[in-house]
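The sequence shown begins at -12 in the working numbering and counts up by one.
All C-beta atoms, glycine included, are put in the ideal place defined by N, C-alpha and C.
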Amino acid sequence: MSFLQIDEQHRPAIVFTLVGEPTDEQFQGYLDAVCAFLYEPTPLAFVNDLGDGATLLPPHRKMLATFLDEHRGRFESHCLGSYLVIRRGWQRFLVSSVMLLTMLPGRFSTVPSVADALDQIGVARAGAPGPGRP
């Protein structure tokens, strides 16, 4: 199984499944894929499923932070939301706590499953307020 699988069947949600520990090139490929979708004319939501085994090493976290900063305006103006699937409650709590202190671009939420993310995206598409920043 490769590090990255992309599922477009739930548009406007794009589901990225990340498995294992990526090489720098694989992680850059993930960022390139997100960027390509981010600049499509139709707003999309991004669901990042880390499963139980994806690992982001410090250099990849730095690459991600730089990427988010570089594309902040597009995330804020054109993204329906970014959802991070973390199955373990205590890990979700820790990540959510850190995210509250981090000024991420746009709407961001941690969820226990892809299905929960898709439900929240449905609420967001209907115009109702959802979790994360307005």
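Rounded separation between residue i and residue j - CA only
i     : j     : result
V6    : L55   : 21 Å
L51   : F3    : 15 Å
P118  : R94   : With a pLDDT of only 44 at P118, under 50, the local geometry of the prediction cannot be trusted, and the value read off the model is given with reservation. Cα-Cα distance, rounded: 8 Å.
L67   : D106  : 13 Å
I61   : I(-7) : Contrary to the premise, residue 61 reads as Arg rather than Ile in this sequence. Each residue's alpha carbon lies about 21 Å from the other.
T29   : S64   : 11 Å
V34   : D19   : 15 Å
F24   : T97   : 20 Å
P(-1) : A32   : 6 Å
A102  : L(-9) : 19 Å
D11   : A104  : 27 Å
T53   : P46   : 11 Å
Y26   : R75   : 32 Å
L43   : E57   : 19 Å
I108  : G16   : 25 Å
D36   : Q(-4) : 15 Å
Which listed residue (the options) has its alpha carbon closest to that of residue i
i      : options            : result
R48    : F14, G93, A0       : F14
Q78    : P99, R59, E63, R61 : P99
C22    : R59, E8, D103      : R59
S(-11) : S69, E8, N35       : E8
G38    : V72, I1, E12, D11  : V72
S69    : E12, P45, I1       : I1
N-terminal and C-terminal residue of the beta strand (DSSP E) that residue i is part of
i   : result
S96 : 95 to 98
F3  : 0 to 5
Which whole runs of the beta strand (DSSP E) in the segment 7 to 78 are 3 residues long or more, in chain order? 31 to 36, 66 to 72
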